[in-house]
Amino acid sequence: MRMSTLVARNALRNPVRLVLMVACIAIAFLIFGVLSAVGAAFRMEDQPGAHERVMIVNRNGLQQTLPIAYLADIRQQPNVAAATPVRLAIAYWREPKDVLSAVMVDPAIYLTLSEDSAVVSAEDRARFVATRDGLLVGQALATRNGWKRGDLVTLQSLNDLRTDGTRSWSFRVAGIYRAAKPGGPELAVAGHYDYFNDALLTGRDRANWIMVQGRDVTANDAMARAIDASYANSAAATRTQSEAALGRAFLSQIGDVVLIIRLVVGAAFLVILCIVGNTLIFMVGERTREIGVLKTLGFSGGRVARIVVGEVALITLAGAAVGMSLALLIVTAVASATKDMLPGLAIGPTTLGIAALLAGGLVLLTGLLPVVKAARLDIVTALGRV
Amino acid sequence: MFSHVRQVGAVARIALLGLPSRARMSLAAIFGIALATLVLLGFLAMASGFRSTVAGAGSDQAAIILAEGSPSEFASAIDINRLAQLQNAPGIAHGPGGPLISPENFATISAVDDQGTEANLSLRGMATQGLAVRPLARLAAGRMFAPGSNELVVGASLAARYRDLKLGRSIRLAGMAWKVVGIFDAGGSAAESEVWADRTLVAQFFGSSGAVQSVRVRLANAGALLPLQRYLAAESASKLTARSEKDYFAVQARNMGKLILFIGWPLGIAMAIGALAGALNTMFTSVSARSEEIRTLRILGYRGLPVFLSTMAEAIVLVLIGCAAAISLSLAFLNGRSASTIGGNLSQVMFRFDLGVSDILQSVVVALVVAILGGALPAWRAARRPLAAAPGA
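As given, the protein sequences belong to chains A and B, one line each in that order. In this text, residue positions in the first sequence follow the UniProt record's numbering: the first is 1, and each later residue adds one. In this text, residue positions in the second sequence follow the UniProt record's numbering: the first is 1, and each later residue adds one.
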């Protein structure tokens, strides 16, 4: 009889117990998978370009703005290849509740810097850059609102007032972008910074952040320090960091979500460690006699241990596989619903790697006591028990 | 009938007295349910605490005026040229210096807390009437800022937590030093997570001149809101709306609490399912450990029902012990603990974990569901086990 047969037969002997243990482990891995995906999305771990693109924001927070005059200074920095201002406008089209996110930018540079997330045809690109009141619209938004190229649309801003006393901004749809990744966010619009700024009464000549592409990524840190140092004593001090670092900083402000995630995942694993470990010890106890028989037949302690470890590994890996598959399903479903709020929600290779390590650790921890107990069992005691 | 009750009592006693002999598996089940309940209670307490902190910031004796269609103060802009007409609006209380009106705008500032972590906080620019306009706020120490000077009045929650914001300290903002001259108390509500300063200075140095975001007014009496709303509606050019402070914050609180519960409930339920698998496992094990005992009882003439109920009783006792442990732990260590998260202005809001009776009841219900589901199947199996085929025979 092969060892793998023994392991499989043993595991399947009590199918209900097997299913329960697998379910228990699966739940812990499910919680781990989903929560890690959320954390990774905020940290923008797997977002293309998030570690290379540099954002210059006001030190006082994303709600604060920077004077547009900074842009010209920053473009003088030796490592800066391209820089665009980004001004956020909270606006709506017809219904105040359908708020859309609009960015006002330097069109040509912005399109170049966001090439890895938004795809625009050469024709649309040229038209958007050349049209002063042009608007670049996400495909999904254009479909939803029935907008076509050449349409005149009027957006109402919530935060900004125009010099003419109104909040109405008229734009011409100049181009449509598609998300580079299928299923990516396509609900935003972009317009020309100059066109927007010229009509502004409130917060004129200011930008929410400046987006920079460095010539040499390795020189980005030095560039960031130089920029921040030059504005340290001005009215609007800056904080320069990669897009990914900005996402991390934002995450930490939500209230140490990472810590909460670790606590919850830790609690879940503690529970299964306890439940599964105890069940396995109980199981070995239940099989005392047959382990005695195996040993009488000449199975060494090591071989008995391997049979028990094999069973523990089988149960744990089955649970981990089921849990991670469920997590994958749930994350995929949630990601398509939240792609405009939280793009990049996905289970990446890092999460899968950690899951594999956790599974290995779990086998070691839950298996240790039962294996030692089984291997040390001596025949006389085992068979002497009735 | 009576013999039935006695049978149940006797078998349940045997099962429960046997618990210590199955201590390890029983403890695992208790531990599982306790941690699952703890996670759920944590999220519920967080949501309740956050909600009451935000909702507690509003009074029905004050009104907040926003641009039409604006969901919150942070997404609103009112042309300062429109402010003059509010001076004559009906329903507004009068103080010694004229009508109690405070046009306000926001900025965020960066400050370092006692642990040395830097975070973003809300700076509210207001008129000197700002304090008189708010029925729920009062000065706890120091004085109000003087108009036109770089002075701050800090909410008590922030002053307790940020080393830069203690009374008498100075903080560098927008390239100059600002002195903390007063601390205000707002009953522990979300308003205490703000820093107040003169609006004209905030507008000048934080790039928001030309408009204010909201106007806070003190209402003259309980029925004063309606005339004010009618007056604003009649001035169709200005496009302003007024609502009571209480309503405004109640809506904000609802939206905020939802997000925490949206994360907390699925997590709590997933943990409960894990605990359920653990409980089922424990109970099946218990039934198999008690198989000899159950067989003996059945041979002695005990019916299936008492055996079923005794196993259920064991499951319920285990779950209730775990649940009680979780409740006492969270009451001892979680309740009242202060925490902070990001609020509507992308800045910190302090709140306290607040474990309400309804939160505790909800967690007990979840635990009981786990107990009933986790006990029923093993109990049914125990009761239905044929006499001849009991294992070990």
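We treat Cβ as the ideally placed atom computed from N, Cα and C, and that holds for glycine. Since the model is a prediction, treat every value here as computed from it, not as a measurement.
Cβ distance (whole Å) where residue i is taken to contact residue j below 8 Å
i              : j         : result
THR285(B)      : MET25(B)  : 5 Å
VAL54(B)       : ALA253(B) : 4 Å
ARG124(B)      : VAL215(B) : No, ARG124(B) and VAL215(B) are not in contact; Cβ-Cβ is about 13 Å, not under 8 Å.
ALA119(B)      : GLY155(B) : The pair is not a contact, with the Cβ atoms about 14 Å apart (cut-off 8 Å).
residue 395(B) : LYS166(B) : Outside the shown range of chain B (1 to 393) lies residue 395(B), about which nothing can therefore be said.
Start-to-end residues for the alpha helix (DSSP H) that takes in residue i
i         : result
ASP198(B) : Taken as a continuous stretch (DSSP letters only), ASP198(B) belongs to no alpha helix (DSSP H), being part of the beta strand (DSSP E) at 194-198.
PRO378(B) : 357-384
GLN139(A) : 139-145
THR5(A)   : 3-12
ASP216(A) : Note, ASP216(A): premise wrong, no alpha helix (DSSP H); not H, not E.
GLU235(B) : Counting along the chain, GLU235(B) falls outside any alpha helix (DSSP H), and DSSP gives it neither H nor E.
C-beta atoms of residue i and residue j nearer than 9 Å
i         : j         : result
LEU100(B) : GLN129(B) : yes
ARG199(B) : VAL133(B) : no
ALA379(B) : THR311(B) : yes
GLY91(B)  : ALA57(B)  : no
ASN88(B)  : VAL212(B) : no
GLN241(A) : ALA232(A) : no
GLY336(B) : ASP354(B) : yes
ASN197(A) : LEU62(A)  : no
GLY18(B)  : GLU192(B) : no
ALA277(B) : ALA23(A)  : yes
ALA305(A) : MET271(B) : no
LEU267(B) : PHE50(B)  : no
ILE90(A)  : ILE210(A) : no
SER291(B) : LEU41(B)  : no
VAL276(A) : ILE25(A)  : yes
VAL80(A)  : VAL217(A) : no
VAL317(B) : ARG381(B) : no
VAL312(A) : VAL363(A) : yes
GLY323(A) : ALA28(A)  : yes
MET126(B) : PRO96(B)  : no
ALA141(B) : SER122(B) : no
GLY168(B) : VAL180(B) : yes
THR316(A) : ALA375(A) : no
Residues of its chain near residue i, where Cβ-Cβ distance is below 7 Å and the 5 sequence neighbours each way are ignored
i              : result
ALA335(A)      : LEU345 and ALA346
residue 388(A) : The structure shown does not extend to residue 388(A), since chain A is modelled only from 1 to 386, so the question has no answer here.
GLU243(A)      : MET44, ALA50, ARG53 and MET55
ALA67(B)       : SER76, ALA77, ILE78, LYS239 and LEU240
residue 406(B) : Residue 406(B) is absent from the model: chain B starts at 1 and stops at 393.
LEU111(A)      : VAL120 and ARG125
ILE261(A)      : LEU35 and GLY39
TRP147(A)      : VAL137, VAL153 and VAL173
LYS246(B)      : GLY58, SER59 and ASP60
ALA12(B)       : LEU309, SER310 and ALA313
Reduced DSSP secondary structure (H/G/I, E/B, other) of residue i
i              : result
ILE210(A)      : strand
VAL247(A)      : Note that residue 247(A) corresponds to Gly in the displayed sequence, not to Val. Three-state DSSP puts GLY247(A) in a helix.
HIS94(B)       : strand
ASN281(B)      : helix
SER170(B)      : strand
PRO182(A)      : coil
GLY134(A)      : strand
ALA393(B)      : Only weak support exists for where ALA393(B) lies, its pLDDT of 39 falling under 50; the value from the coordinates is given anyway. The answer is coil: DSSP assigns ALA393(B) none of H, G, I, E or B.
residue 389(A) : In the structure displayed, chain A extends from 1 to 386; residue 389(A) sits before or after that span and is not available.
MET46(B)       : helix
VAL386(A)      : No answer about VAL386(A) holds up, because its pLDDT of 48 lies below 50 and its placement is not dependable.
TYR177(A)      : strand
ASN278(A)      : helix
GLN156(A)      : strand
Where the beta strand (DSSP E) containing residue i begins and where it ends
i         : result
ASN81(B)  : Here ASN81(B) belongs to no beta strand (DSSP E), and DSSP marks it neither H nor E.
MET104(A) : 99-105
GLN241(A) : 238-242
MET126(B) : 118-126
TYR92(A)  : 80-92
MET55(A)  : 54-58
GLU104(B) : 101-112
ILE321(B) : It is not in any beta strand (DSSP E) - ILE321(B) instead sits in the alpha helix (DSSP H) that spans 304-333.
Own chain partners of residue i with C-beta closer than 8 Å, once the 5 adjacent residues on each side are dropped
i         : result
GLY361(A) : none
ILE260(B) : PHE43, MET46, ALA47 and PHE50
VAL386(A) : Residue confidence is low: VAL386(A) scores 48 on pLDDT, short of 50, so the model does not pin down where it sits. No coordinate-derived value is stated.
MET3(A)   : ARG303, ARG306, ILE307 and GLY310
Contacting residues, own chain, Cβ-Cβ under 6 Å from residue i (five flanking each side not counted)
i         : result
ALA242(B) : ALA63, ILE65, LEU228, GLN229 and LEU232
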